[in-house]
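First the structure, in the form of structure tokens, and then the observations on it.
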Amino acid sequence: MTAQSTTAPERMDVHAIGASLSRLDGPAKVTGSARYAFEQPVPEPLYLHPLQATIAAGRVTSIDTGAAMAETGVLAVLTHLNALRVASTDDPELAILQSDRVAFRGQLLGGVIAESSEAARHAASLIDITYQPSHHQAELRADSDDLYAPEQLNAGFPTDTCQGDVDQALVSAARVVDQHYTTAMYHNNPMEPHATVAIWSDDGLTLYDSTQGVHQVRQVVAPVLGLDPDRVRVISPHVGGGFGSKGVPHAHVILAAMAAQLVAGRPVKLALTRQQMFALVGYRTPTIQHVRLGADADGRLSAISNDVVELTSRWKEFAEQTGAPTRIMYAAPNRRTTHRLAPLDLPVPSWMRAPGECPGMFGPEVAMDELAIACGLDPVELRIRNEPEVDPESGRPFSSRNLVACLREGAHRFGWEKRDPTPRSRRQEGWLVGTGMASSTYPVNRMPGSTATIRARSDGRFSVTIGAADIGTGTWTTLTQIAADVLEVPMERIEMHIGDTSFPFATVAGGSSGMTCWGSALVEAAGNLRACLDRDHAGVLPAEGVEATGHLPDNPWKEHYAMHAFGAQFAEVRVHEDTGEVCVPRLLGVFAAGRIINSKTGRSQFLGGMTMGLSMALHENSVVDPRYGHVANHDFAEYHIATNADVGSVEVHWIDEVDPYVNPVGSKGIGELGICGTAAAVANAAHHATGVRVRELPVTLDKFL
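Below is the structure:
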């Protein structure tokens, strides 16, 4: 279709889906013209610096703001004494500044509003807050006497599951693994800190927010502040990472709105510091997993169980679904998973990349390695031998399950057949060298409600609007690819508009569900547009253009099939014989995740997940000081994350998988699949190198000395 044409778009063999394309927003980001939340230009902004509690539990008895208010440039100090009264206290994390109670160290107690961020920060240091402390508990213990079972887990998973008799099966099993495995507390650390700009006007509240879902921010913030949702607009065109921490609005968003209300008429900017993020924007709970496996002498599982203990905040419950992957990975007639929470006086846990599946694949996959050794089997063969014919949890067939293909392809590409299974059998210049592997899985998630609108214009272009988010994953590009493919026009004719509540509703960029929800809505919108042109305009595009809307359609197969993505990860680990230093020269992953929309950005997602898993394996560990209830290593100087120097090579491959049941696009989520299993593969390789079994993450040098 040429410019200014008034005919319907011709059908073209475009095949934009699957192409290896650079990100459309890449030039804007590398040149600095892509604006993030804090960078949004607003007239005469003020700056907010939070006040945070320095005790773990108790009450505020006084706040002396005199010295702060005397500072040049300071306009106001926000505390519980002058804060806006919220309309809803249903979510205690967001119902801030409503009383003098302190529920955890780092809790927001107010903020200083000034003409510059420097003035606000300095003035905040001058405020004297006195407390009446009370007893607190901040240490996770599996033998705590106040453990309890939540009603349900995150995402609606059942708390406990049981099939058969695990205890009896273990008694009669020829081979048994019965061990405890622990994962650490991990904090999301996206490159862009959480930031919000709040502006009140006669029309209501506008928020420029770094978020994984603009519509979710509006849905949550509006009732807290007593506003009609139509009076809250949230804008977020570019986001510098989230990993789940920006999937729901946290207390700092409410603080910014309260501060802007206090100085009505002027915008207020708030950007959290790296240290503040460790208390205010969620984290992954540490876990203690009691994994038991029973098998016959040939390695066929008769029993599998995972009993999980993890923490929640006493202030607000969050129950991570750590045992969920145990329920679907391997065939065994006797199965059990349980979850128990320890309520502690700590900040509220929340989503972090692959909540549940990421920590939940560590214990069982290390236990499978131990079982393989006990049975004298290759770890790859053990997993293939226990491949289920149907979903062990529901009994439904899988829409597609190519774990075995990933295992075999990964073993071939990694050179697994050359492996001597004997621990400590390979040395190179003072290093003990080992290899290990683990499986990966992540469910195909869908969240109802996403809507997309496509407008065919008389200039031959198509305007696509959907309130989706690009958190660095490539959404700008992949949605453009889908639109071009289904409309059968070149990508240059697509104008994509995302990241604003003025656009049609879109679900959050979370649970690896973005392409399923947003892409499916785009497919339906394109079909409706073509039908409208053919039906109402005889295939001729009117001068004013034509617009059509599409929604995420219901999936008729969701009750008939279990839908998951799978993968296999392989690692080479070297441990220095004298120092215990651990390094990982090579990681390799092979995945089966449906249709890959963009092979370039898709590979980047897998690389990112595997790198984050490596970081979990070797470095990350938020150390809570139980005396004071805070994370002591709350900055990048001491909270170590993986860098380029920590791995020599990361290889990503995938199986060409066709799954017609998951959604119209055929995609499965990939953002979280890559992190699942990586840490277990590294720990298993470390055992092969040294003969030392590490069951407590991270895998650090002290474990080998």
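Using this note's numbering, read the sequence shown as starting at 109 and increasing by one per residue. For every residue, glycine included, the Cβ atom is placed at its ideal position computed from N, Cα and C.
Whole angstroms is fine: what's the gap from residue i's alpha carbon to residue j's?
i, j, result
"Met120", "Glu596", "In this prediction, Met120 has a pLDDT of 34, which is less than 50 and means its spatial position is unreliable; nothing more can be read from the coordinates."
"Glu685", "Trp539", "6 Å"
"Glu153", "Val305", "Checking the sequence shown, residue 153 turns out to be Pro, not Glu. Using only the alpha carbons, I get a separation of about 9 Å."
"Ala178", "Asp311", "34 Å"
"Ser750", "Val802", "Rather than Ser, the amino acid found at residue 750 in this sequence is Ala. Approximately 19 Å, taken between the alpha carbons."
"Pro151", "Thr314", "13 Å"
"Ala725", "Thr786", "8 Å"
"Tyr239", "Ala184", "22 Å"
"Thr114", "Asp642", "Because Thr114 sits at a pLDDT of 34, beneath the cut-off of 50, its placement in the model cannot be relied upon, and the point is left open."
"Pro200", "Val332", "10 Å"
"Ser723", "Lys776", "24 Å"
"Ala367", "Ser309", "14 Å"
"Ala330", "Leu515", "48 Å"
"Glu418", "Arg504", "30 Å"
"Ala211", "Asn296", "21 Å"
"Val541", "Val692", "10 Å"
"Thr420", "His288", "20 Å"
"Ile235", "His360", "19 Å"
"His659", "Asp338", "20 Å"
"Ala480", "Arg694", "22 Å"
"Gln215", "Glu247", "18 Å"
"Glu147", "Trp459", "26 Å"
"Pro556", "Gly390", "25 Å"
"Asp733", "Ser196", "33 Å"
"Leu637", "Gly716", "36 Å"
"Met720", "Asn752", "12 Å"
I'd like to know whether the C-beta atoms of residue i and residue j end up nearer to each other than 8 Å.
i, j, result
"Leu805", "Phe351", "no"
"Val572", "Ala564", "no"
"Trp524", "Val488", "yes"
"Ile221", "Ala232", "no"
"Thr709", "Thr624", "no"
"Cys466", "Ile778", "no"
"Ala303", "Leu378", "yes"
"Arg213", "Ala161", "yes"
"Phe613", "Ser558", "yes"
"Tyr736", "Ala164", "yes"
"Gly688", "Asp810", "yes"
"Val347", "Ile590", "no"
"Ser225", "Tyr155", "yes"
"Phe699", "Ser548", "yes"
"Glu495", "Leu485", "no"
"Leu132", "Trp584", "yes"
"Gly407", "Arg493", "yes"
"Thr570", "Val683", "The residue asked about is misnamed: residue 570 is Phe in this sequence, not Thr. The answer is no: Cβ separation not under 8 Å."
Going by DSSP, name the residue or residues bridged to residue i.
i, result
"Gln677", "Ala546, Gly697"
"Gly218", "Leu159"
"Ala440", "Looking at the DSSP assignment, Ala440 forms no beta bridge with any residue, so it has no partner."
"Gly658", "Ala560"
"Tyr316", "Val305, Ile343"
"Trp762", "Phe699"
"Val731", "DSSP lists no partner for Val731."
"Pro451", "Thr420"
"Phe506", "Ala670"
"Cys270", "Arg444"
Which residue from the options puts its Cα closest to that of residue i?
i, options, result
"His323", "Ala564, Asp608, Lys377, Cys640", "Asp608"
"Tyr438", "Leu401, Asp453, Val416", "Leu401"
"Thr187", "Thr588, Gln369, Val690", "Gln369"
"Ala670", "Glu147, Gly140, Ser507, Arg493", "Ser507"
"Ala673", "Pro200, Arg249, Ser242, Tyr550", "Tyr550"
"Met299", "Ser318, Leu278, Ser128, Thr291", "Ser318"
"His398", "Leu696, Asp251, Asp406, Gly557", "Asp251"
"Glu531", "His796, Leu333, His346", "The amino acid at residue 531 is misidentified as Glu; the sequence shows Pro. Nearest of His796, Leu333, His346 to Pro531, Cα basis: His796."
"His605", "Gly568, Ser620, Trp626", "Trp626"
"Ala629", "Pro337, Thr657, Ala700", "Thr657"
"Met293", "His748, Ala365, Asp528", "His748"
"Asn442", "Ala634, Arg167, Asp273, Val731", "Asp273"
"Gln271", "Asp404, Thr446, Gly321", "Thr446"
For the segment 679–688 against the segment 787–794, do three or more pairs of beta-carbon atoms, one drawn from each stretch, fall closer than 8 Å, so that the two count as touching?
yes
Touch test, the segment 399–412 against the segment 462–482, Cβ-Cβ under 8 Å, three pairs minimum:
yes
Assess, as a yes-or-no matter, whether the segment 740–752 is touched by the segment 376–388 under the definition of 3 or more beta carbon pairs within less than 8 Å.
Touching, yes.
Quick test of the definition: if touching needs 3 or more C-beta pairs under 8 Å, does the segment 259–275 touch the segment 418–428?
The answer is yes - the segment 418–428 touches the segment 259–275, with three or more Cβ pairs under 8 Å.
Check whether the segment 356–365 and the segment 697–704 touch, using three or more Cβ-Cβ pairs below 8 Å as the test.
no
Could you tell me whether the segment 247–260 touches the segment 211–225, using the rule of 3 or more Cβ pairs below 8 Å?
no
Evaluate the contact criterion for the segment 644–656 versus the segment 751–759: three or more CB pairs, one atom per stretch, below 8 Å.
no
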